Amino acid sequence: PNQRGLNENTNGLLRKDGLRHNLIMDQLSDRFVQAVASRRNHIPRKSLGYQTPLAAFISQITDEQLKNF
5 PNQRGLNENT NGLLRKDGLR HNLIMDQLSD RFVQAVASRR NHIPRKSLGY
55 QTPLAAFISQ ITDEQLKNF
């Protein structure tokens, strides 16, 4: 099926990180999943004004909300 370019790009990046299309997620360690998520969350996105997803998230939450993490 046709997917948007961002989806295809993200899928390609995840495959480069070792997440094959037919991978069983239960076989992945938490440490590996966290490492992949961290890499993805530090890529600037055009849709976020060239901020990283993490920076965009932090800019939207209050100090009070941040204390709960």
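This note's numbering puts the sequence shown at residues 5 to 73.
Glycine included, every Cβ here is placed at the ideal spot set by N, Cα and C.
All figures in this text were calculated on a predicted structure; none of them were measured in a lab.
message: Strictly by DSSP, which residues pair up with residue 69?
response: For residue 69, which the question treats as bridged, DSSP gives no partner whatsoever.
Residue 58 to residue 46 span [Cα, whole Å]: 7 Å
query: Cβ atoms of residue 21 and residue 43: under 8 Å apart, would you say?
result: yes
- prompt: The alpha helix (DSSP H) with residue 44 in it runs from where to where?
  reply: 34-45
field: Limits of the unbroken alpha helix (DSSP H) element including residue 16
entry: 9-20
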